[in-house]
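Enquirer: Shown below is the structure under consideration.
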Amino acid sequence: MNIEEYKRSHIFGMDYGTSMFKYGPITLGEYPEIVENRGYFIDRKSIVYRLMGVDRDIVVGEELPTYLESKEDLSKLIYPMKNGVVERGDVRAWRVVEEITRYGLQNFPLPEDEMGYFLVASISAVSPRYMYERIFDIFRKIDGGWIHSATIIPQPLAVAISHKIPTCTVIESGHGNTQICPISRYPIRGAIFALNRGGSDANSLMAEILKDAGYGDLAQEENLVRRVKEEVGLIPRNLDEAIEFAKGNPEKVRAEVKIPDTRIRIVLEEEAWTRFLPGEYIFNPNHEIFESYFRRGMSRPRNLRIGNVTFEGMKSLGDAVAESIERCPVEIQPNLYKNILLSGGNFSWKAPEGLKPYAVDAVEKMSIQLSEFGIEGIQVFMSSSPQFSVWRGCVLYGYAVPADYEWSWEIMEGWMKIGT
């Protein structure tokens, strides 16, 4: 078997999302393994851990919840990619990146006579060069015959590759932030727009809604809050009209969530109109109704500067998309508006049939926002698998790039040799 044939059967994709880490070899087919992109540092001074033979100081992966001793421990969890960018000196965050990478590879060991994987990693489009350098260093550090060569690509490019659309605008919205990236064969870096707003912000609003509904004790459980948001949250076509309808017809928007294998049951009846708030918040946090939550202490999405990148907090998604595309040459702007591709778990919102006049999906909401600018020919599409399109793009990219195409720091593409 020549090296090109070997490479095609040994591609390994890694998507470092703001909340979830998707990983696995090409042999998995359409769906990767998925685990939360987070780490927990163990208190090595605890005598209990010594008695149980725990000889490490950090844990990642599926077993992490078994190490949490109290609700307070949830606040100690480290999500290294929560903003898409890991600061250069954040030692603990980089340790988590290292461990989650090792965890992914260890779950798919190769026979000793194999040469290692051709690893394709994907990170935020706004990641500075030092993140590429640091991740390559991690690959070298942990390599034990696992990695033959590696490359790193921006997440929006991976989405475009997975859908085979060379000219488009990718909006990748995850747990921590939203990336808007016009692409014409390759990301137009000067046009990339970053919003410091993602699924975690909708979760924060959902937690406030649960407090108002009498479930304050549960509002501290982040995973539970996210589950409730995903099951009952709605995107309104028009927020004012949706609220008016819901308050006048509470029985039609009533929602109930039962947490499996527990006695927990959450019911929204008179408060059911608030189901429309989290979805609106993702697209436009400037509606006056959110001011009451800010006054009560909920954090307003703020402008955030990390390195040379500024993440805007309060700009509506429609405004951000238009501003991003307008940074591109005028002659390609029509094509960028004709191919707007939504990706990421933060766009996976349901629009129940019975509420269709008032509730919409993310594609329709994005179309509505952009149509307000009077632009014709707008076409918005949803990724076929929003959570997994980045990983799929990684695998397709690795399959297509020749094994002898060496990494270039000038154009930031190619294979970096890792294994000896």
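According to this note's numbering, the sequence shown holds residues 19 to 438 in order.
By construction, the Cβ of each residue, glycine as well, lies at the ideal position given by its N, Cα and C atoms.
Counting C-beta neighbours from all protein chains within 10 Å, is the total for residue 297 16 or more, i.e. buried, or is it exposed?
Expert: As a first step, residue 297 is located in the sequence shown; it is residue number 279 there, counting from the start. Burial call: buried.
Enquirer: Please work out which residues of its chain come closer than 8 Å, Cβ to Cβ, to residue 262, disregarding the five sequence neighbours upstream and downstream, and give them in chain order.
Expert: For the purposes of this step, residue 262 is taken as residue 244 along the sequence shown, with counting starting at 1. Excluding sequence neighbours, residue 262 sits near nothing in its chain.
Enquirer: Can you tell me whether DSSP reads residue 254 as helix, strand or coil?
Expert: Mapped onto the sequence shown, residue 254 falls at position 236. In this structure, residue 254 counts as strand in the three-state DSSP scheme.
Enquirer: Report the three-state DSSP secondary structure of residue 181 (helix, strand or coil).
Expert: Position 163 of the sequence shown, counted from the first residue, corresponds to residue 181. Three-state result, residue 181: helix.
Enquirer: Have a look at the DSSP bridge pairing and note the partners of residue 86.
Expert: Indexing the sequence shown from 1 puts residue 86 at position 68. Beta-bridge pairing links residue 86 to no other residue.
Enquirer: CB-CB under 6 Å to residue 169, same chain, minus the five flanking residues each way: which ones, in chain order?
Expert: On the sequence shown, position 151 is the one that residue 169 refers to. Cβ neighbours of residue 169 beyond the five flanking positions: 138, 433.
Enquirer: State the CB to CB distance for the pair residue 48 and residue 41, rounded to an integer number of angstroms; the pair is presumed to be in contact (CB under 8 Å).
Expert: On the sequence shown, position 30 is the one that residue 48 refers to. On the sequence shown, position 23 is the one that residue 41 refers to. Contact flag wrong, Cβ pair sits at about 14 Å.
Enquirer: Quick check on residue 297: does DSSP put it in helix, strand or coil?
Expert: The sequence position of residue 297 within the sequence shown is 279, counting from 1. Looking at residue 297 - three-state DSSP - the assignment turns out to be helix.
Enquirer: Tell me the residue span of the beta strand (DSSP E) that contains residue 33.
Expert: Numbered from its first residue, the sequence shown carries residue 33 at position 15. Per DSSP, residue 33 belongs to the beta strand (DSSP E) from 29-34.
Enquirer: Provide the residue(s) that pair with residue 369 in DSSP beta bridges, ordered along the chain.
Expert: Here the question's residue 369 lines up with position 351 in the sequence shown. Residue 369 is not bridged to any residue.
Enquirer: At what residue ranges does the region 190-235 contain a whole run of the beta strand (DSSP E), taking only runs of 3 or more?
Expert: Fully enclosed beta strand (DSSP E) runs of 3 or longer: 196-202, 211-213.
Enquirer: Scan the region 254-284 and note each continuous beta strand (DSSP E) run of 3 residues or more that stays entirely inside, going in chain order.
Expert: Complete beta strand (DSSP E) runs here, min 3: 273-276.
Enquirer: Let's see if you can read the secondary structure: which residues bound the beta strand (DSSP E) around residue 322?
Expert: The residue labelled residue 322 in the question sits at position 304 within the sequence shown. Where residue 322 is concerned, the enclosing beta strand (DSSP E) stretches over 322-324.
Enquirer: In the DSSP assignment, find the unbroken alpha helix (DSSP H) run with residue 352 in it and report its ends.
Expert: Looking up residue 352 in the sequence shown gives position 334. 351-356 is the span of the alpha helix (DSSP H), which, as asked, contains residue 352.
Enquirer: Where does residue 196 land, buried or exposed, given buried means 16+ other C-beta within 10 angstroms?
Expert: As a first step, residue 196 is located in the sequence shown; it is residue number 178 there, counting from the start. Buried: at least 16 other Cβ atoms inside 10 Å.
Enquirer: Is it buried or exposed for residue 79, if we count other Cβ within 10 angstroms and need 16 for buried?
Expert: Stepping through the sequence shown from its first residue, residue 79 is reached at position 61. Residue 79 comes out buried.
Enquirer: Going by the beta-carbon positions, is the gap between residue 76 and residue 117 smaller than 8 Å?
Expert: The residue labelled residue 76 in the question sits at position 58 within the sequence shown. The residue labelled residue 117 in the question sits at position 99 within the sequence shown. Yes, Cβ-Cβ distance for residue 76 and residue 117 is below 8 Å.
Enquirer: Is DSSP giving residue 348 helix, strand or coil here?
Expert: Indexing the sequence shown from 1 puts residue 348 at position 330. Looking at residue 348 - three-state DSSP - the assignment turns out to be helix.
Enquirer: Given this structure, state the Cα-to-Cα distance separating residue 236 from residue 227, to the nearest angstrom.
Expert: For the purposes of this step, residue 236 is identified with residue 218 of the sequence shown, where counting begins at 1. For the purposes of this step, residue 227 is identified with residue 209 of the sequence shown, where counting begins at 1. Near 11 Å, if we compare the C-alpha coordinates of residue 227 and residue 236.
Enquirer: What first and last residue would you give for the alpha helix (DSSP H) that runs through residue 114?
Expert: In the sequence shown, residue 114 corresponds to position 96, counting from 1. 109-124 is the span of the alpha helix (DSSP H), which, as asked, contains residue 114.
Enquirer: Just grab the DSSP bridge partners of residue 58 for me.
Expert: Residue numbering aside, residue 58 sits at position 40 when the sequence shown is read from its first letter. Looking at the DSSP assignment, residue 58 forms a beta bridge with 77.
Enquirer: Measure the C-alpha to C-alpha separation of residue 155 and residue 147 and round it to an integer number of angstroms.
Expert: Taking the first residue of the sequence shown as position 1, residue 155 is located at position 137. Taking the first residue of the sequence shown as position 1, residue 147 is located at position 129. Cα-Cα distance, rounded: 13 Å.
Enquirer: Under a Cβ-count criterion, where at least 16 other Cβ atoms within 10 Å of its own Cβ denotes burial, should residue 210 be classed as buried or exposed?
Expert: Counting from one through the sequence shown, the residue named residue 210 turns up at place 192. It is buried - the Cβ of residue 210 has at least 16 other Cβ atoms within 10 Å.
Enquirer: Please list, in chain order, all residues of the same chain as residue 178 whose beta carbon is under 8 Å from its beta carbon, the five residues on each side excluded.
Expert: The residue given as residue 178 occupies position 160 in the sequence shown. Excluding positions up to five away in sequence, the list reads 184, 186, 188, 201, 359, 411.
Enquirer: If you draw a straight line from the alpha carbon of residue 269 to that of residue 98, how long is it in whole angstroms?
Expert: Position 251 of the sequence shown, counted from the start, is the residue given in the question as residue 269. Position 80 of the sequence shown, counted from the start, is the residue given in the question as residue 98. Cα to Cα, the separation comes out at about 42 Å.
Enquirer: Which value, in whole angstroms, describes the spacing of the CA atoms of residue 96 and residue 110?
Expert: For the purposes of this step, residue 96 is taken as residue 78 along the sequence shown, with counting starting at 1. For the purposes of this step, residue 110 is taken as residue 92 along the sequence shown, with counting starting at 1. Rounded to whole angstroms, residue 96 to residue 110 spans 8 Å at the Cα level.
Enquirer: In angstroms with no decimal places, state the Cα-to-Cα distance between residue 401 and residue 415.
Expert: Here residue 401 refers to the residue found at position 383 when the sequence shown is read from its first residue. Here residue 415 refers to the residue found at position 397 when the sequence shown is read from its first residue. Distance between the alpha carbons of residue 401 and residue 415 is about 17 Å.
Enquirer: On the CB-based measure, 16 or more other CB atoms within 10 Å of its CB, does residue 16 come out buried or exposed?
Expert: This structure gives no information on residue 16, because the portion of the chain shown stretches from 19 to 438.
Enquirer: May I ask which residues mark the beginning and end of the beta strand (DSSP E) holding residue 103?
Expert: On the sequence shown, position 85 is the one that residue 103 refers to. Careful: residue 103 lies outside any beta strand (DSSP E) and carries neither H nor E.
Enquirer: Could you round the C-beta distance between residue 381 and residue 29 to whole angstroms and report it? I think they count as a contact, below 8 Å.
Expert: As a first step, residue 381 is located in the sequence shown; it is residue number 363 there, counting from the start. As a first step, residue 29 is located in the sequence shown; it is residue number 11 there, counting from the start. Contact doesn't hold; Cβ gap of about 30 Å is too wide.
Enquirer: If you draw a straight line from the C-alpha of residue 302 to the C-alpha of residue 335, how long is it?
Expert: Within the sequence shown, residue 302 is the residue found at index 284, counting from 1. Within the sequence shown, residue 335 is the residue found at index 317, counting from 1. Cα-Cα distance, rounded: 7 Å.
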